[in-house]
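Enquirer: Residue numbers (the numbering used here): 36 to 352.
Backbone N, C-alpha and C fix where the C-beta goes; we use that ideal spot for every residue, glycine too.
The structure presented is a predicted model; accordingly, all values stated were derived computationally and were not measured.
1. Can you tell which of 335, 125, 200, 319 has the C-alpha that lies nearest to the C-alpha of residue 72?
2. Which full runs of the alpha helix (DSSP H) of 4+ residues lie inside the region 75-163, going along the chain?
3. Round the Cβ separation of residue 118 and residue 236 to the nearest angstrom and send it over; I've been treating them as touching at under 8 Å.
4. Please classify residue 143: is it buried, with 16 or more other beta-carbons within 10 angstroms of its beta-carbon, or exposed?
5. If the criterion is Cβ atoms closer than 8 Å, does the pair residue 330 and residue 251 meet it?
6. What is the DSSP secondary structure of residue 291, counted as helix, strand or coil?
7. Using only CA atoms, which one of 50, 195, 253, 210 lies nearest to residue 285?
8. Report all residues from its chain with a CB closer than 7 Å to the CB of residue 212; omit the five preceding and five following residues, and keep chain order.
9. Do residue 348 and residue 340 have their CB atoms nearer than 8 Å?
10. In this structure, how does DSSP classify residue 251 when only helix, strand and coil are distinguished?
11. For chain B, find out if any of its Cβ atoms is closer than 8 Å to the Cβ of residue 255; answer yes or no.
12. Starting from residue 177 and walking both ways along the beta strand (DSSP E), at which residues does that stretch end?
13. Could you round the C-beta distance between residue 83 and residue 53 to whole angstroms and report it? I think they count as a contact, below 8 Å.
14. For the alpha helix (DSSP H) that contains residue 49, what are its first and last residues?
15. Do residue 50 and residue 255 have their beta-carbon atoms positioned less than 8 Å apart in this structure?
16. With respect to the alpha helix (DSSP H) encompassing residue 298, which residues constitute its N-terminal and C-terminal limits?
17. Closer than 7 Å by C-beta to residue 128: which residues in its own chain qualify, once you throw out the five before and the five after it? Chain order, please.
18. May I have the straight-line CA-CA distance separating residue 136 from residue 146, to the nearest angstrom?
19. Closer than 6 Å by C-beta to residue 218: which residues in its own chain qualify, once you throw out the five before and the five after it? Chain order, please.
20. In three-state terms, what does DSSP make of residue 349?
21. Helix, strand or coil: which one does DSSP assign to residue 62?
22. When you compare the CB positions of residue 48 and residue 76, do they come within less than 8 Å of one another, or not?
23. Name the DSSP beta bridge partners of residue 189, please?
24. For residue 241, which option in 226, 66, 220, 192 has the closest C-alpha, if you only look at C-alpha atoms?
25. May I ask you to report which of helix, strand or coil DSSP gives residue 222?
26. May I ask you to report which of helix, strand or coil DSSP gives residue 332?
27. Of the choices 175, 155, 198, 78, whose alpha-carbon is the least far from that of residue 186?
28. Going by the CB atoms, is the gap between residue 200 and residue 230 shorter than 8 Å?
29. Please name the residue in 222, 303, 169, 301 whose C-alpha comes closest to that of residue 248.
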(Lines of atoms letter the chains of each structure in order from A and count residues from 1; the text may use other names and numbers.)
(Lines give C-alpha, C1' and ligand atoms only; values in the text may rest on other atoms or scores of the structure.)
Protein backbone atom coordinates (compact mmCIF):
# COMPACT_ATOMS: atom_id res chain seq x y z
CA UNK A 1 0.00 0.00 0.00
CA UNK A 2 1.22 3.50 -0.86
CA UNK A 3 2.50 5.34 2.22
CA UNK A 4 0.97 8.56 0.86
CA UNK A 5 -2.47 7.21 1.78
CA UNK A 6 -1.62 7.28 5.50
CA UNK A 7 -2.97 10.46 7.04
CA UNK A 8 -0.74 11.88 9.77
CA UNK A 9 -2.20 14.18 12.38
CA UNK A 10 0.48 16.33 14.00
CA UNK A 11 -0.06 17.11 17.70
CA UNK A 12 1.78 20.27 18.75
CA UNK A 13 1.76 21.51 22.35
CA UNK A 14 2.59 25.20 22.77
CA UNK A 15 3.20 27.67 25.57
CA UNK A 16 4.79 31.07 24.96
CA UNK A 17 6.72 29.63 22.04
CA UNK A 18 6.72 32.61 19.69
CA UNK A 19 10.52 32.93 19.58
CA UNK A 20 11.10 29.64 17.76
CA UNK A 21 7.64 28.54 16.60
CA UNK A 22 7.78 29.90 13.03
CA UNK A 23 10.55 27.58 11.75
CA UNK A 24 8.84 24.57 13.35
CA UNK A 25 5.57 25.34 11.56
CA UNK A 26 7.37 26.03 8.28
CA UNK A 27 9.03 22.62 8.51
CA UNK A 28 5.58 20.97 8.45
CA UNK A 29 4.77 22.79 5.22
CA UNK A 30 8.07 21.60 3.75
CA UNK A 31 7.36 17.91 4.39
CA UNK A 32 7.55 15.63 1.35
CA UNK A 33 4.62 13.67 2.83
CA UNK A 34 1.73 16.07 2.19
CA UNK A 35 -1.10 14.06 3.78
CA UNK A 36 -1.08 15.77 7.18
CA UNK A 37 -3.22 17.93 9.44
CA UNK A 38 -2.32 19.81 12.61
CA UNK A 39 -3.81 20.10 16.10
CA UNK A 40 -2.33 22.68 18.47
CA UNK A 41 -3.02 22.58 22.20
CA UNK A 42 -1.98 25.97 23.57
CA UNK A 43 -1.57 26.25 27.33
CA UNK A 44 -2.50 29.91 27.69
CA UNK A 45 0.31 31.67 25.83
CA UNK A 46 0.62 35.39 26.54
CA UNK A 47 3.04 36.11 23.68
CA UNK A 48 2.43 36.00 19.91
CA UNK A 49 2.15 32.18 19.75
CA UNK A 50 -1.53 32.06 18.80
CA UNK A 51 -1.16 34.88 16.27
CA UNK A 52 1.72 33.02 14.57
CA UNK A 53 -0.39 29.85 14.42
CA UNK A 54 -3.39 31.65 12.91
CA UNK A 55 -1.19 33.29 10.28
CA UNK A 56 0.34 29.92 9.39
CA UNK A 57 -3.10 28.32 9.11
CA UNK A 58 -4.27 31.08 6.77
CA UNK A 59 -1.44 30.17 4.38
CA UNK A 60 -2.16 26.41 4.47
CA UNK A 61 -5.62 26.03 2.89
CA UNK A 62 -4.93 22.42 1.94
CA UNK A 63 -4.44 21.26 5.54
CA UNK A 64 -6.90 21.12 8.43
CA UNK A 65 -5.41 23.09 11.33
CA UNK A 66 -7.12 23.35 14.73
CA UNK A 67 -6.09 25.51 17.69
CA UNK A 68 -7.65 24.84 21.08
CA UNK A 69 -7.03 25.63 24.74
CA UNK A 70 -4.80 23.32 26.75
CA UNK A 71 -5.42 22.17 30.35
CA UNK A 72 -2.85 24.55 31.93
CA UNK A 73 -1.44 21.69 33.98
CA UNK A 74 2.08 21.35 32.58
CA UNK A 75 3.70 20.07 29.41
CA UNK A 76 2.85 16.38 29.84
CA UNK A 77 -0.83 17.16 30.41
CA UNK A 78 -0.87 19.53 27.44
CA UNK A 79 0.52 16.86 25.11
CA UNK A 80 -1.76 14.12 26.43
CA UNK A 81 -4.86 16.29 26.14
CA UNK A 82 -3.85 17.28 22.61
CA UNK A 83 -3.37 13.65 21.63
CA UNK A 84 -6.74 12.72 23.13
CA UNK A 85 -8.54 15.40 21.10
CA UNK A 86 -6.68 14.49 17.91
CA UNK A 87 -7.71 10.84 18.14
CA UNK A 88 -11.31 11.77 18.90
CA UNK A 89 -11.37 13.89 15.74
CA UNK A 90 -9.45 11.49 13.50
CA UNK A 91 -9.31 7.92 14.90
CA UNK A 92 -7.84 6.38 11.74
CA UNK A 93 -4.86 8.74 11.53
CA UNK A 94 -1.28 8.20 12.58
CA UNK A 95 -0.18 10.69 15.25
CA UNK A 96 3.08 12.64 15.09
CA UNK A 97 4.08 14.47 18.27
CA UNK A 98 5.89 17.79 17.96
CA UNK A 99 7.66 20.25 20.21
CA UNK A 100 7.28 23.97 19.49
CA UNK A 101 10.92 24.87 18.95
CA UNK A 102 12.51 22.26 16.68
CA UNK A 103 12.74 21.87 12.90
CA UNK A 104 11.72 18.71 11.06
CA UNK A 105 13.81 17.68 8.09
CA UNK A 106 11.70 17.36 4.91
CA UNK A 107 11.52 13.56 4.79
CA UNK A 108 10.58 12.95 8.42
CA UNK A 109 6.90 12.16 7.86
CA UNK A 110 7.68 10.34 4.62
CA UNK A 111 10.12 7.99 6.35
CA UNK A 112 7.74 7.45 9.26
CA UNK A 113 4.76 6.72 6.99
CA UNK A 114 6.78 4.32 4.85
CA UNK A 115 7.88 2.29 7.87
CA UNK A 116 4.46 2.31 9.52
CA UNK A 117 2.65 1.18 6.36
CA UNK A 118 5.28 -1.49 5.64
CA UNK A 119 4.76 -2.95 9.12
CA UNK A 120 0.98 -3.10 9.18
CA UNK A 121 -0.22 0.32 10.32
CA UNK A 122 -3.18 0.17 7.91
CA UNK A 123 -4.18 -3.25 9.29
CA UNK A 124 -4.51 -2.29 12.95
CA UNK A 125 -0.99 -3.10 14.12
CA UNK A 126 0.20 -0.97 17.08
CA UNK A 127 3.54 0.59 16.16
CA UNK A 128 5.84 3.35 17.38
CA UNK A 129 8.31 5.00 15.01
CA UNK A 130 11.01 7.37 16.23
CA UNK A 131 14.28 8.76 14.93
CA UNK A 132 17.57 10.21 16.02
CA UNK A 133 18.00 13.97 16.17
CA UNK A 134 20.64 16.52 15.27
CA UNK A 135 21.42 18.43 18.45
CA UNK A 136 21.77 22.15 17.78
CA UNK A 137 22.20 25.40 19.65
CA UNK A 138 19.51 28.08 19.74
CA UNK A 139 20.51 29.25 16.25
CA UNK A 140 20.25 25.70 14.82
CA UNK A 141 24.02 25.28 14.52
CA UNK A 142 24.62 21.49 14.66
CA UNK A 143 26.46 20.27 17.76
CA UNK A 144 26.15 16.50 17.45
CA UNK A 145 23.63 13.68 17.20
CA UNK A 146 21.41 12.00 19.76
CA UNK A 147 22.24 8.49 20.88
CA UNK A 148 20.96 5.26 19.38
CA UNK A 149 19.32 2.57 21.49
CA UNK A 150 22.05 0.45 23.11
CA UNK A 151 19.62 -2.30 24.10
CA UNK A 152 16.29 -3.13 22.54
CA UNK A 153 13.27 -1.18 23.79
CA UNK A 154 11.27 -3.23 26.30
CA UNK A 155 9.01 -2.87 29.34
CA UNK A 156 11.78 -3.81 31.77
CA UNK A 157 13.73 -0.79 30.55
CA UNK A 158 10.71 1.52 30.35
CA UNK A 159 9.87 1.01 34.04
CA UNK A 160 13.04 2.86 35.03
CA UNK A 161 14.04 4.90 31.96
CA UNK A 162 12.61 6.68 28.95
CA UNK A 163 14.59 6.28 25.73
CA UNK A 164 12.01 7.52 23.18
CA UNK A 165 12.27 11.25 22.45
CA UNK A 166 8.80 12.75 22.31
CA UNK A 167 9.68 15.18 19.53
CA UNK A 168 10.37 12.24 17.19
CA UNK A 169 7.42 9.94 17.95
CA UNK A 170 4.95 8.88 15.24
CA UNK A 171 2.29 6.37 16.33
CA UNK A 172 0.27 4.07 14.11
CA UNK A 173 -3.52 4.61 14.36
CA UNK A 174 -3.95 1.53 16.56
CA UNK A 175 -1.19 2.56 18.96
CA UNK A 176 -2.50 6.13 19.11
CA UNK A 177 -6.01 4.95 20.01
CA UNK A 178 -4.65 2.78 22.80
CA UNK A 179 -2.59 5.66 24.19
CA UNK A 180 -5.64 7.95 23.98
CA UNK A 181 -7.64 5.44 26.03
CA UNK A 182 -5.16 5.94 28.89
CA UNK A 183 -4.84 9.72 28.93
CA UNK A 184 -7.40 10.47 31.64
CA UNK A 185 -5.80 7.92 33.93
CA UNK A 186 -2.32 9.26 33.17
CA UNK A 187 -3.51 12.78 33.98
CA UNK A 188 -5.20 11.66 37.19
CA UNK A 189 -2.06 9.99 38.51
CA UNK A 190 0.23 12.78 37.31
CA UNK A 191 2.61 10.92 35.02
CA UNK A 192 5.66 13.18 34.64
CA UNK A 193 6.38 12.90 30.90
CA UNK A 194 4.10 12.13 27.97
CA UNK A 195 6.84 10.43 25.95
CA UNK A 196 7.86 8.20 28.86
CA UNK A 197 4.20 7.25 29.29
CA UNK A 198 3.92 6.38 25.59
CA UNK A 199 7.06 4.23 25.88
CA UNK A 200 5.64 2.46 28.94
CA UNK A 201 2.33 1.61 27.29
CA UNK A 202 3.71 0.60 23.89
CA UNK A 203 6.48 -1.54 25.37
CA UNK A 204 4.09 -2.96 27.95
CA UNK A 205 1.75 -4.25 25.27
CA UNK A 206 4.79 -5.29 23.19
CA UNK A 207 4.06 -3.06 20.24
CA UNK A 208 6.93 -2.83 17.79
CA UNK A 209 9.18 0.15 18.59
CA UNK A 210 11.63 1.39 15.99
CA UNK A 211 14.29 4.08 15.88
CA UNK A 212 15.32 5.39 12.44
CA UNK A 213 19.11 5.48 12.40
CA UNK A 214 19.32 8.69 10.38
CA UNK A 215 18.48 11.95 12.22
CA UNK A 216 15.36 13.69 10.90
CA UNK A 217 14.79 16.42 13.51
CA UNK A 218 16.89 19.46 14.38
CA UNK A 219 16.57 19.42 18.18
CA UNK A 220 17.08 22.99 19.31
CA UNK A 221 18.77 23.42 22.71
CA UNK A 222 18.12 26.74 24.43
CA UNK A 223 17.63 28.26 27.87
CA UNK A 224 13.84 27.80 27.85
CA UNK A 225 13.70 24.07 26.99
CA UNK A 226 11.19 22.24 29.20
CA UNK A 227 13.67 19.37 29.46
CA UNK A 228 16.24 19.32 26.67
CA UNK A 229 18.86 16.76 25.71
CA UNK A 230 21.06 15.41 28.47
CA UNK A 231 24.66 15.09 27.35
CA UNK A 232 27.18 13.25 29.52
CA UNK A 233 27.90 16.08 32.00
CA UNK A 234 24.43 17.62 32.14
CA UNK A 235 22.90 14.15 32.33
CA UNK A 236 25.01 13.15 35.34
CA UNK A 237 24.25 16.39 37.16
CA UNK A 238 20.54 16.06 36.48
CA UNK A 239 20.49 12.44 37.67
CA UNK A 240 22.24 13.39 40.92
CA UNK A 241 19.77 16.22 41.47
CA UNK A 242 16.66 14.15 40.84
CA UNK A 243 17.88 11.28 43.01
CA UNK A 244 18.85 13.52 45.93
CA UNK A 245 15.45 15.21 45.85
CA UNK A 246 13.52 11.94 45.39
CA UNK A 247 12.04 13.20 42.11
CA UNK A 248 12.94 9.96 40.36
CA UNK A 249 11.13 7.97 43.05
CA UNK A 250 8.04 10.16 42.69
CA UNK A 251 8.11 9.86 38.90
CA UNK A 252 8.25 6.07 39.03
CA UNK A 253 5.50 5.98 41.67
CA UNK A 254 3.20 8.04 39.43
CA UNK A 255 3.99 5.88 36.40
CA UNK A 256 3.42 2.63 38.30
CA UNK A 257 0.09 3.83 39.74
CA UNK A 258 -1.14 4.80 36.27
CA UNK A 259 0.12 1.51 34.82
CA UNK A 260 -1.72 -0.48 37.47
CA UNK A 261 -4.87 1.37 36.43
CA UNK A 262 -4.25 0.32 32.81
CA UNK A 263 -2.73 -3.11 33.43
CA UNK A 264 -5.24 -4.82 31.17
CA UNK A 265 -3.41 -3.34 28.18
CA UNK A 266 -0.17 -5.10 29.11
CA UNK A 267 0.84 -8.62 28.15
CA UNK A 268 0.45 -11.24 30.87
CA UNK A 269 4.21 -11.37 31.38
CA UNK A 270 4.47 -7.61 31.72
CA UNK A 271 1.51 -7.46 34.10
CA UNK A 272 3.37 -9.95 36.29
CA UNK A 273 6.57 -7.89 36.05
CA UNK A 274 4.67 -4.76 37.07
CA UNK A 275 3.05 -6.45 40.08
CA UNK A 276 6.34 -7.91 41.28
CA UNK A 277 8.16 -4.62 40.75
CA UNK A 278 5.58 -2.73 42.81
CA UNK A 279 5.70 -5.36 45.57
CA UNK A 280 9.50 -5.16 45.61
CA UNK A 281 9.29 -1.36 45.84
CA UNK A 282 6.95 -1.78 48.79
CA UNK A 283 9.38 -4.20 50.47
CA UNK A 284 12.23 -1.81 49.65
CA UNK A 285 15.95 -1.93 50.34
CA UNK A 286 17.76 -5.18 49.68
CA UNK A 287 14.55 -6.90 48.52
CA UNK A 288 14.12 -4.38 45.71
CA UNK A 289 17.82 -4.40 44.80
CA UNK A 290 17.78 -8.21 44.48
CA UNK A 291 14.53 -8.23 42.49
CA UNK A 292 15.69 -5.91 39.71
CA UNK A 293 17.93 -8.32 37.73
CA UNK A 294 15.54 -11.23 38.36
CA UNK A 295 12.69 -9.24 36.83
CA UNK A 296 14.80 -8.02 33.91
CA UNK A 297 14.51 -4.37 34.93
CA UNK A 298 17.44 -2.38 33.58
CA UNK A 299 18.68 0.89 32.13
CA UNK A 300 20.44 1.24 28.78
CA UNK A 301 23.99 1.54 30.11
CA UNK A 302 26.12 -0.58 32.43
CA UNK A 303 26.65 2.48 34.63
CA UNK A 304 22.89 2.91 34.88
CA UNK A 305 22.47 -0.74 35.83
CA UNK A 306 25.04 -0.34 38.62
CA UNK A 307 23.16 2.70 39.93
CA UNK A 308 19.75 1.00 40.20
CA UNK A 309 20.46 -1.28 43.22
CA UNK A 310 22.06 1.66 45.04
CA UNK A 311 18.91 3.71 44.48
CA UNK A 312 16.84 0.76 45.64
CA UNK A 313 18.75 0.37 48.90
CA UNK A 314 18.39 4.07 49.74
CA UNK A 315 14.69 4.36 48.92
CA UNK A 316 15.23 6.39 45.78
CA UNK A 317 13.62 3.90 43.39
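Expert: Reading it off the structure:
1. Residue numbering aside, residue 72 sits at position 37 when the chain shown is read from its first letter. Nearest of 335, 125, 200, 319 to residue 72, Cα basis: 125.
2. Runs found: 84-93, 110-124, 143-153.
3. For this step, residue 118 is matched to residue 83 along the chain shown. For this step, residue 236 is matched to residue 201 along the chain shown. No, residue 118 and residue 236 are not in contact; Cβ-Cβ is about 12 Å, not under 8 Å.
4. Here residue 143 corresponds to residue number 108 of the chain shown, with the count starting at 1. Buried is the call here.
5. For the purposes of this step, residue 330 is taken as the residue at position 295 of the chain shown. For the purposes of this step, residue 251 is taken as the residue at position 216 of the chain shown. If you check the CB distance, residue 330 and residue 251 do not come in under 8 Å.
6. Counting from 1 along the chain shown, the entry for residue 291 is found at position 256. Residue 291 sits in a helix when the DSSP states are folded into three classes.
7. Translated into the one-based positions of the chain shown, residue 285 becomes position 250. Comparing Cα positions, the closest option is 195.
8. On the chain shown, residue 212 is found 177 positions in, with the first residue counted as 1. Counting only residues of its own chain and dropping the five nearest sequence neighbours on each side, residue 212 has a CB closer than 7 Å to the CB of 122, 126.
9. Locating residue 348 in the chain shown gives position 313, counting from the first residue. Locating residue 340 in the chain shown gives position 305, counting from the first residue. Taking 8 Å as the cut-off, the beta carbon of residue 348 is found no closer than this to the beta carbon of residue 340.
10. Working through the chain shown from its first residue, we reach residue 251 at position 216. It is a strand residue.
11. In summary, chain B is missing from the structure at hand, where a single protein chain is found.
12. Stepping through the chain shown from its first residue, residue 177 is reached at position 142. Run containing residue 177: 177-180, per the beta strand (DSSP E) assignment.
13. Indexing the chain shown from 1 puts residue 83 at position 48. Indexing the chain shown from 1 puts residue 53 at position 18. By a beta-carbon distance limit of 8 Å, residue 83 contacts residue 53. Their separation comes to about 4 Å.
14. Here residue 49 refers to the residue found at position 14 when the chain shown is read from its first residue. No alpha helix (DSSP H) holds residue 49; the beta strand (DSSP E) holding it covers 43-49.
15. As a position in the chain shown, residue 255 is number 220, starting the count at 1. As a position in the chain shown, residue 50 is number 15, starting the count at 1. Judged by beta-carbon spacing, residue 50 lies beyond the 8 Å limit of residue 255, meaning their Cβ atoms are not closer than that value.
16. In the chain shown, counting from the first residue as 1, residue 298 sits at position 263. If you look at residue 298, you'll find it isn't in any alpha helix (DSSP H); DSSP assigns it neither H nor E.
17. Numbered from its first residue, the chain shown carries residue 128 at position 93. Within the same chain, residue 128 has close Cβ partners 42, 43, 44, 208.
18. Reading the chain shown from its first residue, position 101 is the one you call residue 136. Reading the chain shown from its first residue, position 111 is the one you call residue 146. Approximately 21 Å between the Cα atoms of the pair.
19. In the chain shown, the residue the question calls residue 218 occupies position 183. For residue 218, where only same-chain residues beyond five positions count, the Cβ hits under 6 Å are 115, 119.
20. Position 314 of the chain shown holds residue 349. Looking at residue 349 - three-state DSSP - the assignment turns out to be coil, as it is neither helix nor strand.
21. Looking up residue 62 in the chain shown gives position 27. Of the three classes helix, strand and coil, the one that applies to residue 62 here is helix, per DSSP.
22. Residue 48 sits at position 13 when you count from the first residue of the chain shown. Residue 76 sits at position 41 when you count from the first residue of the chain shown. In terms of Cβ geometry, residue 48 and residue 76 form a close pair [threshold 8 Å].
23. Here residue 189 refers to the residue found at position 154 of the chain shown. According to DSSP, residue 189 bridges with nothing at all.
24. Mapped onto the chain shown, residue 241 falls at position 206. Closest option to residue 241, Cα to Cα, is 192.
25. Counting from 1 along the chain shown, the entry for residue 222 is found at position 187. If DSSP states are grouped into helix, strand and coil, residue 222 belongs with the helices.
26. Here residue 332 refers to the residue found at position 297 when the chain shown is read from its first residue. In the structure shown, residue 332 adopts coil according to DSSP, grouped into three states.
27. If you number the chain shown from 1, residue 186 lands on position 151. Selected option, being the one with the closest Cα: 198.
28. Locating residue 230 in the chain shown gives position 195, where the first residue counts as 1. Locating residue 200 in the chain shown gives position 165, where the first residue counts as 1. Yes, these two residues count as a Cβ contact at 8 Å.
29. As a position in the chain shown, residue 248 is number 213, starting the count at 1. Nearest C-alpha to residue 248: 169.
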